[in-house]
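J.: Please find one structure pasted underneath; my questions will follow.
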Amino acid sequence: MVVLTLTWALLGLLLGLAGYVLLPWILAFLGGVELRDRVGRYFIKQMQTVVGDSTLVAREQGGVDLAPVSFDPEFSADRVTVGGETGHLSDDLNLKSRLAGKGFGLALESHPVYISPLFAEFADRASDALHDDRLALTDGGARLDFEIAPDPIVPELRGAHRLLDGDARRRYGVLAQSWAEKSQEKFGNRVSVGQTLLLIGAFVAGSGMAFLVLKYGGDAGGGGVEVPIQIAGGLR
Amino acid sequence: MTDRRTQLRIGAAILATIGILAGFGAFAWYGWGPIAAAAFGGALVLGGTLPPVTILMLRDGLPLKGVLGVGLAIAAQVAFGRAALVRRDDGEYEWTALREDGSGRYFARLADGREVPIDAEPGEWYRFGFGDLAITEQKTRTNLDEYRVVATPADSDQPTDERAGVPVKPPQVEQGGIPVSLATVGRRVRGSASSELVRRGRDKALNDEGGMQALSPLWTMAFATVLLLVGFAMTAGVMLI
Chain A
12 MVVLTLTWAL LGLLLGLAGY VLLPWILAFL GGVELRDRVG RYFIKQMQTV
62 VGDSTLVARE QGGVDLAPVS FDPEFSADRV TVGGETGHLS DDLNLKSRLA
112 GKGFGLALES HPVYISPLFA EFADRASDAL HDDRLALTDG GARLDFEIAP
162 DPIVPELRGA HRLLDGDARR RYGVLAQSWA EKSQEKFGNR VSVGQTLLLI
212 GAFVAGSGMA FLVLKYGGDA GGGGVEVPIQ IAGGLR
Chain B
938 MTDRRTQLRI GAAILATIGI LAGFGAFAWY GWGPIAAAAF GGALVLGGTL
988 PPVTILMLRD GLPLKGVLGV GLAIAAQVAF GRAALVRRDD GEYEWTALRE
1038 DGSGRYFARL ADGREVPIDA EPGEWYRFGF GDLAITEQKT RTNLDEYRVV
1088 ATPADSDQPT DERAGVPVKP PQVEQGGIPV SLATVGRRVR GSASSELVRR
1138 GRDKALNDEG GMQALSPLWT MAFATVLLLV GFAMTAGVML I
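What follows is the structure, given as structure tokens:
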């Protein structure tokens, strides 16, 4: 009886858990675009509540991936793991902002910088203009104007790195740390072999000194001259 | 917001769901008694309220939050069907449904009611969480004036300037777009993706694992002196007992 009651309870629990997702989905499919929008936004808000601070990363091989980020104070950047590889994202362009009230930004898998769709479009159109000789790049600082579409487009986010000033990669911080640690392996030991021998030698020397003092120096206390005395029993 | 027909469909779906669940409860009562039915009903309510309450209570302290977050993003994408991730002109992001008007043009409607037209074909959208995702940015004076070329003095292709021996065409709008100054963009991106991360990684490694951690000669001599005295005292103590 108890087992059957527990079975019914388990069935109710599973149906309840499934209902958390299935019921809104059913309403979304039946309710048209307005309800789809409300249900989707509800799940996005729940997602951001769970993740806290996140990024949508443009993968090097195409596509995007959602990943939680956490601020790493030692690098002054966000730590993020994408495809199993940990690296950092820095907000050099001041483009990280918020989604559903929580920290959010678009980023690149390849480079350690937050980007935006507009900057990705800048990179794309500037490259085209350069290719078509509509952009004159000289050391003298020629006129460098180009044109973007009047309406919002869906740019290729991966190409946004073409606009960046430097060429540091997302994993360079972690790699530099790893390599520097390896370079210090020989110096990483707090006590070297020579220091260890010196410390052992000090202990042995102390013990030896004590031994010598007590073995050979213990009878010498008091000083003075020893005078042998012989007591005779008497002469008859 | 929704028409009468849609409201009826939603009402029917809710009634059908309640009916199915009530049927489960009645079946449990009929076959195994009221305790089984009560256990089913209680667990049903618990199961339905557990995820949102847990998320509300623990927030980003939940274990496996990356997996849960992706799961919820997939749930959202399935609900949206086709979605748009829009960066508004004030910098905030909105993840919303991608809509299509009667003429086949796509747009996203922001929370404040503004509509953002999206000039893209379905082939340009990203695939994410079993759905399409159009990632774009609103374009208004608020976020574009910073980069816009203010003066466009000529429509001529003739060079009007020469810099470092290179003839430079005047800025012009050739495709009805928005002229942007790369110099302004260049100033904004200056110093980005620099080697700063490399320096910080190296510094952290040297601080944590570097040669500076080795025992200094002064401390070595101090420890040696202490060990010498300890060795002397221990040996003397053993020999005197």
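In order, the protein sequences belong to chains A and B. In this note's numbering, each number is its position in the first sequence, counted from 1, plus 11. In this note's numbering, each number is its position in the second sequence, counted from 1, plus 937. Ideal placement from N, C-alpha and C gives every residue a C-beta, glycine not left out. For clarity, every value in this text was computed on a predicted model and none was experimentally measured.
Check the Cβ-Cβ distances between Tyr183 (chain A) and every residue of chain B, and say whether any is below 8 Å.
T.: On the first sequence, position 172 is the one that residue 183 (chain A) refers to. It does: the Cβ of Tyr183 (chain A) has a partner Cβ on chain B nearer than 8 Å.
J.: Kindly indicate which three-state DSSP category Ile240 (chain A) falls into: helix, strand or coil?
T.: Along the first sequence, read from residue 1 onward, the residue named residue 240 (chain A) stands at position 229. Looking at Ile240 (chain A) - three-state DSSP - the assignment turns out to be coil, as it is neither helix nor strand.
J.: For Gly1006 (chain B) and Val61 (chain A), which I take to be in contact (beta-carbon distance under 8 Å), what is that distance rounded to the nearest angstrom?
T.: Reading the second sequence from its first residue, position 69 is the one you call residue 1006 (chain B). Reading the first sequence from its first residue, position 50 is the one you call residue 61 (chain A). About 5 Å separates the two Cβ atoms, so the contact holds.
J.: Please report the distance separating the alpha-carbon of Gly23 (chain A) from that of Tyr31 (chain A).
T.: Walking along the first sequence from the start, residue 23 (chain A) turns up at place 12. Walking along the first sequence from the start, residue 31 (chain A) turns up at place 20. Rounded to whole angstroms, Gly23 (chain A) to Tyr31 (chain A) spans 13 Å at the Cα level.
J.: Tell whether a beta-carbon distance below 8 Å holds between Ala974 (chain B) and Gly51 (chain A).
T.: What you label residue 974 (chain B) is simply residue 37 of the second sequence in a count that begins at 1. What you label residue 51 (chain A) is simply residue 40 of the first sequence in a count that begins at 1. Contact: no.
J.: Considering only their Cβ atoms, is the gap separating Val165 (chain A) from Thr954 (chain B) smaller than 8 Å?
T.: Position 17 of the second sequence holds residue 954 (chain B). Position 154 of the first sequence holds residue 165 (chain A). No, the pair does not count as a contact, with Cβ atoms beyond the cut-off.
J.: Check distances from the C-beta atoms of the region 1018-1039 of chain B to those of chain A and list, in chain order, the residues that come in under 8 Å.
T.: From the region 1018-1039 of chain B, only Gly1018, Ala1020, Leu1022, Val1023, Arg1024, Gly1028, Glu1029, Tyr1030, Glu1031, Trp1032, Thr1033, Ala1034 and Arg1036 have a Cβ closer than 8 Å to chain A.
J.: How many angstroms separate the CA atom of Thr943 (chain B) from the CA atom of Thr92 (chain A)?
T.: Sequence index remark: in the second sequence, residue 943 (chain B) carries index 6 (1-based). Sequence index remark: in the first sequence, residue 92 (chain A) carries index 81 (1-based). So the two alpha carbons sit approximately 43 Å from each other.
J.: Is the beta carbon of Leu104 (chain A) sitting closer than 8 Å to the one on Arg1124 (chain B)?
T.: Translated into the one-based positions of the first sequence, residue 104 (chain A) becomes position 93. Translated into the one-based positions of the second sequence, residue 1124 (chain B) becomes position 187. No, the Cβ-Cβ distance between Leu104 (chain A) and Arg1124 (chain B) is not below 8 Å.
J.: Measure the alpha-carbon distance for Gly948 (chain B) versus Arg109 (chain A) and round it to whole angstroms.
T.: Taking the first residue of the second sequence as 1, we reach residue 948 (chain B) at position 11. Taking the first residue of the first sequence as 1, we reach residue 109 (chain A) at position 98. Approximately 35 Å between the Cα atoms of the pair.
J.: Decide if the region 1075-1082 of chain B is in contact with the region 108-125 of chain A; the criterion is three or more beta carbon pairs, one per stretch, under 8 Å apart.
T.: Judged by Cβ distances under 8 Å, the region 1075-1082 of chain B makes no contact with the region 108-125 of chain A, as fewer than three pairs qualify.
J.: Could you name the residues of chain D that Gly984 (chain B) contacts, counting a contact when the two beta carbons are closer than 9 Å?
T.: Any reference to chain D falls outside this structure, whose protein chains are A and B.
J.: Could you please tell me which residues of the region 153-171 of chain A, in chain order, have their CB closer than 9 Å to any CB of chain B?
T.: Here the close residues are Ala153, Arg154, Leu155, Asp156, Phe157, Glu158, Ile159, Ala160, Pro161, Asp162, Pro163, Ile164, Val165, Pro166, Glu167 and Leu168.
J.: Please confirm whether Leu1134 (chain B) and Ser101 (chain A) have their CB atoms less than 8 Å apart.
T.: The residue you call residue 1134 (chain B) lines up with position 197 of the second sequence. The residue you call residue 101 (chain A) lines up with position 90 of the first sequence. Yes, they are a contact pair.
J.: Could you name each continuous alpha helix (DSSP H) segment of 4 residues or more that falls completely within the region 101-178 of chain A, going from the start of the chain to the end?
T.: Fully enclosed alpha helix (DSSP H) runs of 4 or longer: 128-142.
J.: Let's see if you can read the secondary structure: which residues bound the beta strand (DSSP E) around Ala78 (chain A)?
T.: Walking along the first sequence from the start, residue 78 (chain A) turns up at place 67. From DSSP, the beta strand (DSSP E) with Ala78 (chain A) extends over Val75 to Asp83.
J.: Under 8 Å: do the region 211-227 of chain A and the region 1160-1168 of chain B share three or more Cβ pairs, one atom per stretch?
T.: Output reads yes: the region 1160-1168 of chain B touches the region 211-227 of chain A.
J.: Which chain B residues sit within Cβ distance under 9 Å of Gly94 (chain A)?
T.: Start at 1 with the first residue of the first sequence, and residue 94 (chain A) comes out as number 83. What Gly94 (chain A) touches in chain B: nothing, since even the nearest Cβ is about 13 Å away.
J.: Which word fits Gln57 (chain A), buried or exposed, when buried means at least 16 other C-beta atoms lie within 10 angstroms of its C-beta?
T.: Indexing the first sequence from 1 puts residue 57 (chain A) at position 46. Counting Cβ neighbours within 10 Å, Gln57 (chain A) comes out buried, since at least 16 surround it.
J.: Distance check for Val1053 (chain B) and Ile1011 (chain B), CA to CA, integer angstroms please.
T.: Working through the second sequence from its first residue, we reach residue 1011 (chain B) at position 74. Working through the second sequence from its first residue, we reach residue 1053 (chain B) at position 116. Rounded to the nearest angstrom, the two C-alpha atoms are 23 Å apart.
J.: According to DSSP, Ile1072 (chain B) sits in a beta bridge with which residue or residues?
T.: Against the second sequence, residue 1072 (chain B) aligns to sequence position 135. B:Leu1022, per the DSSP bridge assignment.
J.: Could one say the Cβ of Asp1092 (chain B) lies closer than 8 Å to chain A's Cβ atoms, at least one of them?
T.: The sequence position of residue 1092 (chain B) within the second sequence is 155, counting from 1. Confidence in Asp1092 (chain B) is poor, its pLDDT being 49 and thus under 50, which makes the residue's placement too unreliable to answer from.
J.: Considering Ala963 (chain B), what are the terminal residues of the alpha helix (DSSP H) in which it resides?
T.: In the second sequence, residue 963 (chain B) corresponds to position 26, counting from 1. Unbroken alpha helix (DSSP H) run through Ala963 (chain B): Arg941 to Trp969.
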